[in-house]
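All residue numbers for the sequence shown refer to the working numbering, where the first residue is 48 and numbers rise by one. Beta carbons are placed, not taken as given, at the ideal position from N, Cα and C, and that holds for glycine.
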Amino acid sequence: PLSFFVTLFIARRSQGQFVGQWKWTGKVNGHIEEMFTGHDLVKVFGHRRQAIEEFDDANEKMYAASFRAQFISGMIQPAMMFIANLNYVAIAVIGGIRVASGQMSLGDVQAFIQYSRQFTMPITQLASITNLLQSGIASAERVFELLDAEEQSPEADGAPLERPRGHVEFRDVSFRYVEDTPLIQNLDLEVQPGEAVAIVGPTGAGKTTLVNLLMRFYDVDSGEIRLEGVPTMQMQRDDVRRAFGMVLQDTWLFAGTIRGNIAYGFEGATEEQVMAAAKAARVDHFVRTMPDGYDTELDDEASNLSAGEKQLLTIARAFLANRPILILDEATSSVDTRTEVLIQQAMATLREGRTSFVIAHRLSTIRDADIILVMDAGRIVEKGTHEELMAAQGFYYDLYQSQFLASYDEDADIPVG
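Okay, structure coming up:
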């Protein structure tokens, strides 16, 4: 019993130190990754000394937590050996007294010592690996934080849509990330096949959330979203997403060839199909100027391409997927004027016969949309074409004018000559 309570006492003391050890290990590793990934930015802004100081501080705290954890847990085995030796001494003293008084034989004392050794040996061995167990438990706590995260709602058994045309409906949809903070409230919207829908509004208005709900990256709190008249909650997520082609805010390209990146959304694509998609995205010309054309290898960060070229490649990927509904999320927010024109031309080609949702802060890119939805605080405050909304001189008009004036002021500040 004494061995058990001593082990339990030391283990409890060391557990918190192991948690701190892995906490600071994670921070050190995260800091190293950030500094390595953004080393150019660190150099440009002269933060090398600060980065080193931050690393040294986190490393010292990790070392201190690790030292305390190992020191405290390392006391277990010496404590067990001390208790075991006390046990041998007690048996020898008490046994010697009984042997002297004729109550026991010397063989009985020897047997007791042997039994005591056999009994305490497994306990000592188990105690010796307690530090490993405590370290593992501390690591497992971080893993279980992820495993205990809220699961996605179960998949429905609905059949996939045969030939989706792009008819989308939002019926009284409400959604919130935080319980007491509604983001989208009672949203009603119907989009006919082939319509180009632009979604604009200030940051935090719910634009990106709207398309995330559409693709079931999140489930609505109330109401329903229908695709071809079928509630998406009655469809499997993969079946819903097969109806969409998407160009994300971040241009994700994978290590491999340009051809492989364009064909990522279309298994078994032929050379002709890849080139046709590239031409539709106005990207074929610059690909052919690359050293190996479509076989040019990209690294993990596609550092041999400009931001605009990356954007065009992701659009070409969406072209090749040939989905009936297209989502462009901030697709033209980080490209130059010439590339923006190419993207507008590519979008016009792609929108033919397809339903498209375009999210952009640069209002000049969505003036030709069939419908412009103006969102503010999760609500659609205005709806119409560019001309109609400008004539109404409402929220969209103010947004457009402020952006136009900001652009004008920036141009005016540029020195000439």
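Residues Met127 of the same chain have their beta carbon placed closer than 6 Å to that of Thr171, with the five preceding and five following residues left out of the count.
Each residue's CA atom was taken as its position, placing Phe366 and Thr250 some 28 Å apart. Under DSSP, Glu275 shares a beta bridge with no residue. Leaving aside the five residues that flank Met109 on each side, the residues in its chain whose CB is nearer than 7 Å to its CB run, in chain order, Gln68, Trp71, Thr72 and Val75. In terms of CA proximity to Arg426, Leu257 leads the group Leu446, Ala327, Gln150 and Leu257. Around Gly183, the same chain offers no residue with a beta carbon nearer than 8 Å, after the five sequence neighbours per side are excluded.
Ser61 sits close to Ile119, with the two beta carbons spaced by under 9 Å. The beta carbon of Pro371 lies closer than 7 Å to those of Pro211, Arg212, Gly213, Ala290, Arg401 and Thr402 in the same chain, with the five residues before and after it left out. Given a length threshold of 4 residues, each whole run of the alpha helix (DSSP H) inside the segment 254–340 is given here in chain order: 254–261, 284–288, 305–309, 318–327 and 331–335.
According to the DSSP assignment, Ser221 belongs to the beta strand (DSSP E) that extends over Val215 to Val225. Separation of the CB atoms of Thr432 and Ile419 is rounded to 7 Å, and the pair is thereby assigned contact status at 8 Å.
Under the DSSP definition of a beta bridge, Gly67 lacks any partner. In the structure shown, the three-state DSSP call for Gln232 is strand. Here Leu420 is bridged, per DSSP, to Ile246 and Lys430.
Excluding sequence positions up to five before and after Arg364, its CB lies within less than 6 Å of the CB of Ile309, Tyr311 and Gly312, all in the same chain and listed in chain order. The residue from Pro278, Arg115 and Leu295 with its alpha-carbon nearest to that of Val66 is Arg115. In this model, Phe442 and Val428 are separated by some 8 Å (Cα to Cα). Short of 8 Å from the beta carbon of Met422, and not among the five residues preceding or following it, lie these beta carbons of its own chain, in chain order: Ile246, Val247, Gly248, Ala252, Gly253, Lys254, Leu257 and Val428. Residue environment analysis places Arg306 among the buried positions, since at least 16 neighbouring C-beta atoms fall within 10 angstroms of its C-beta. In the DSSP annotation of this structure, Asp376 is not part of any alpha helix (DSSP H); the continuous beta strand (DSSP E) holding it starts and ends at Ile372 to Asp376.
Taking the CA atoms as reference points, Asp268 sits about 24 Å from Gln239.
Tyr224 and Glu435 have their alpha carbons spaced roughly 33 Å apart. DSSP places Ile413 outside any alpha helix (DSSP H), giving it a letter other than H or E.
Between Asp376 and Leu446 the beta-carbon gap is near 18 Å, outside 8 Å, which marks them as no contact.
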